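Quick notes on the structure that follows.
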DNA sequence: ATAGAAACTTTACGCGCGGAAAAAATAAGT
DNA sequence: ACTTATTTTTTCCGCGCGTAAAGTTTCTAT
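Chains as they are written, first to last, in this note's numbering: chain A, 2 to 344; chain B, 2 to 344.
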């Protein structure tokens with residue numbers, strides 16, 4: 002059972018009793034050869050455990066099977082989760098997903114784009130940092146590589162955008178909080194990293210005005226991606242100062258809310274919709290941990306599956322389309338309100 | 002300012018007024034050419050924004066500059082965090098880190114190893130799934146690719162192991178809980194995915210016996226990587242049944258503890274070291290979110306930096322050593338007790 | 001100035017594969 | 001059995017770079 006080790010496609014073709022171009026054809030599209038030869042090749046693959054040299058393939062093909070996936074921060078389980086779904090879909094479609102995280106830093110994001118360019122990917126799914134992104138660099142990148150933006154939109158960049166409809170998030174949470182009690186104040190970072198945050202604030206203000214209430218936006222200080230810490234510190238400061246304008250709080254995102262709830266716990270402020278509760282807290286994202294906060298968080302859930310699927314589908318379409326669309330499309334998925342005991 | 006686009010190293014060398022072999026030499030080791038020619042090359046790089054084709058390089062070098070990083074589950078911020086540190090160190094050293102997550106599945110882990118083999122990496126840092134890993138496959142992989150295991154040890158596999166000293170974790174938490182109150186029970190999954198869990202249980206039993214107390218191990222049901230959910234469900238069941246054997250609980254890991262604390266909150270059981278608290282809960286790992294649980298979690302912290310650094314250093318040494326060590330070493334880093342208000 | 005070392009150029013081959021073109025073999029249909 | 005369409009083989013060239021060998025230029029030190 003000791004076959005001589007196959008070194009390349011030439012030897013593999015010889016061992017299968019076929020010519021190299023035929024074998025090459027098979028690897029590029031198994032359906033393009035006669036069923037009988039296909040069987041012979043697949044038997045030989047099984048027998049010799051041969052696979053073509055990926056570097057030689059990528060060097061010679063006009064287009065590789067690589068797909069770049071770039072997220073702003075993998076240590077945020079939200080992105081880990083969506084990256085997982087995207088990776089899976091890419092693999093199923095026969096691509097090689099390559100996952101990158103900017104870990105919150107512009108320099109790193111630029112470096113990733115630089116590396117990615119060298120990898121000549123068939124396409125890239127990019128969730129940009131947002132405010133911290135280097136617009137010029139991304140623009141340049143998008144000229145070279147077919148790119149679909151997701152999660153975080155940057156006007157005009159990429160051939161398409163797929164994300165969540167921030168208005169749908171906020172309108173549902175505001176509407177629910179208002180209907181089931183009092184209208185909320187909005188709790189957010191003063192200088193949010195992510196453009197979604199701005200859209201959410203605007204949606205909040207718009208909803209409040211539509212419902213005939215005065216909007217209250219509470220802005221807390223802090224930079225970077227340590228949202229829980231920023232939320233907690235900000236909440237402690239605001240709560241200690243007394244005077245929340247309302248007894249309901251809508252946090253811009255779940256990670257801030259996690260910090261907010263932690264602050265409430267520290268200060269022995271009971272959160273929830275019970276009689277004995279001083280405050281209701283809701284939020285947006287349905288972060289994987291929001292189910293386990295104390296109390297569990299009422300939040301507007303991303304349609305993770307749809308965003309991941311649609312991003313991937315759009316990119317595949319883009320690739321088949323030769324790398325560009327006539328028109329840049331923006332696809333937004335609505336939120337689903339998840340009621341838990343925090344509000 | 003419209004230079005003709007440089008297509009390859011030949012053209013680049015011509016544009017720099019040098020020969021291709023010299024330029025090639027530069028890219029393999031910038032210090033190996035005369036300072037004056039180095040300057041010329043670097044000026045040309047700046048001017049033409051040229052970089053060598055990575056696929057051609059990888060095809061021709063005996064050893065690539067790729068380094069594979071494999072973790073069991075990226076959606077666990079613990080692994081995202083450690084992966085981040087490892088990636089950074091690899092980049093600094095001029096390597097190309099490639100990050101993979103098995104997302105808790107054996108099949109996926111095997112597929113990753115398969116892909117990784119094709120990428121002919123200089124080395125691989127592997128944190129295996131543990132119990133779910135396919136020992137035979139990993140063993141085979143380690144014969145082909147220089148591999149250092151980290152976080153989760155599998156006896157005899159890989160050229161070295163770097164991780165945390167589970168005894169140090171548990172001994173400190175048990176000792177602290179005992180000293181500051183009563184000795185704890187141990188809360189864990191019945192069939193833990195990770196070998197560290199077993200080591201922790203054994204360490205708990207050993208510590209308790211050493212201190213002259215009877216160990217109590219509480220095992221809860223559940224499979225997979227949804228530790229918070231498993232912890233919460235298990236805790237609800239145990240707590241509702243009454244009869245915790247002790248008023249202190251040591252959870253095997255922070256994610257279980259997050260679930261445990263969530264259950265306590267639901268049942269209005271006050272956790273902490275205050276007079277009005279019924280229970281103290283401590284744990285292991287210093288998960289990024291353990292600072293924001295309610296109450297904040299007392300836990301034994303991994304020395305993230307040391308584990309990441311040592312893993313990388315060990316791999317570099319392994320690579321320089323030609324891919325094998327005379328002796329398989331195991332390096333363990335002790336824990337640092339982090340006191341918060343949960344215990 | 002001159003020998004010797006160091007750096008560079010020239011030439012050439014190899015890596016493993018994609019892919020084109022023409023010839024040969026095989027299959028399908030009447 | 002014969003034509004025709006399809007598939008496979010043969011024979012090439014090209015991709016962009018690593019790398020070796022031999023010859024030439026440039027630097028360094030006496």
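All C-beta atoms, glycine included, are put in the ideal place defined by N, C-alpha and C. As the structure is a computational prediction, the values presented were derived from the model and not from experiment.
CA-CA distance, residue 302 of chain A to residue 340 of chain A, rounds to 10 Å. Going by C-alpha positions, residue 199 of chain B is about 44 Å away from residue 65 of chain A. Contact with chain A is found for residue 262 of chain B, since one of that chain's Cβ atoms lies less than 8 Å from the residue's Cβ. Here the alpha carbon of residue 183 of chain B sits roughly 18 Å from the alpha carbon of residue 240 of chain B. The residues 204 and 208, in chain order, have a CB closer than 7 Å to that of residue 172 of chain B in the same chain once the five nearest residues on each side in sequence are set aside. For the set B/279, B/277, B/253 and B/276, the Cα lying nearest the Cα of residue 287 of chain B is the one of B/253. Within the segment 84–114 of chain B, complete alpha helix (DSSP H) segments of at least 4 residues are not found at all. Every unbroken stretch of the beta strand (DSSP E) spanning 3 or more residues and falling wholly within the segment 262–288 of chain B is given here in chain order: 281–286.
With a 10 Å radius around the Cβ and a threshold of 16 neighbouring Cβ atoms, residue 222 of chain A comes out exposed. Per DSSP, the continuous alpha helix (DSSP H) segment holding residue 172 of chain B begins and ends at 167–181. The C-alpha of residue 244 of chain B lies about 36 Å from the C-alpha of residue 75 of chain B.
Around the Cβ of residue 33 of chain A, a 10 Å sphere holds fewer than 16 other Cβ atoms; the residue is exposed.
It is roughly 19 Å from the alpha-carbon of residue 210 of chain A to the alpha-carbon of residue 189 of chain A. Our two residues, residue 167 of chain A and residue 7 of chain B, have alpha carbons roughly 44 Å apart in a direct line. Beta-carbon to beta-carbon, residue 249 of chain B and residue 178 of chain B are separated by about 5 Å, close enough to satisfy the 8 Å threshold.
Taking the C-beta atoms as reference points, residue 157 of chain B is found no nearer than 8 Å to residue 333 of chain B. Think of a sphere of 7 Å around the beta carbon of residue 99 of chain B: the chain A residues whose beta carbon falls inside it are 99, in chain order. Cβ-Cβ separation between residue 68 of chain A and residue 146 of chain A: approximately 10 Å, too far for a contact (criterion under 8 Å). For a cut-off of 8 Å, the C-beta gap from residue 130 of chain A to residue 107 of chain A is around 6 Å, short enough to register as a contact. Under the DSSP assignment, residue 33 of chain B falls outside any alpha helix (DSSP H); it carries neither an H nor an E label. Just so you know, the alpha carbons of residue 22 of chain A and residue 52 of chain A end up roughly 15 Å apart. Annotation: Cβ neighbours of residue 59 of chain A in chain B (cutoff 7 Å, chain order): 56.
Assignment of beta-bridge partners to residue 161 of chain B by DSSP yields B/149 and B/330. Nearest C-alpha to residue 220 of chain B among B/263, B/246 and B/214: B/246. If you draw a straight line from the Cα of residue 195 of chain B to the Cα of residue 191 of chain A, it comes to about 41 Å.
At a cut-off of 8 Å, the C-beta of residue 51 of chain A has no neighbouring C-beta in chain B. About 18 Å separates the beta carbons of residue 57 of chain A and residue 17 of chain A, which is beyond the 8 Å limit, so they are not a contact pair. Here the segment 305–320 of chain B does not lie against the segment 272–286 of chain B, with fewer than 3 beta-carbon pairs under 8 Å apart. Within chain B, no residue has its beta carbon less than 9 Å from that of residue 205 of chain A; the closest one is some 24 Å off. When secondary structure is reduced to three states using DSSP, residue 128 of chain B falls in the coil class, being assigned neither helix nor strand. DSSP places residue 228 of chain B within a helical segment (H, G or I) once states are collapsed to three. For residue 187 of chain B, the uninterrupted beta strand (DSSP E) run begins and ends at 186–190, by DSSP.
Scanning chain A for C-beta atoms nearer than 9 Å to the C-beta of residue 134 of chain B yields nothing, as the closest lies near 19 Å away. Between residue 187 of chain A and residue 216 of chain A the beta-carbon gap is near 7 Å, inside 8 Å, which marks them as a contact. Of all residues in the segment 229–263 of chain B, only 229, 233, 259, 260, 262 and 263 come within less than 7 Å of chain A when Cβ atoms are compared, listed by chain position. Among the CB atoms of chain A, none fall inside 8 Å of the CB of residue 27 of chain B.
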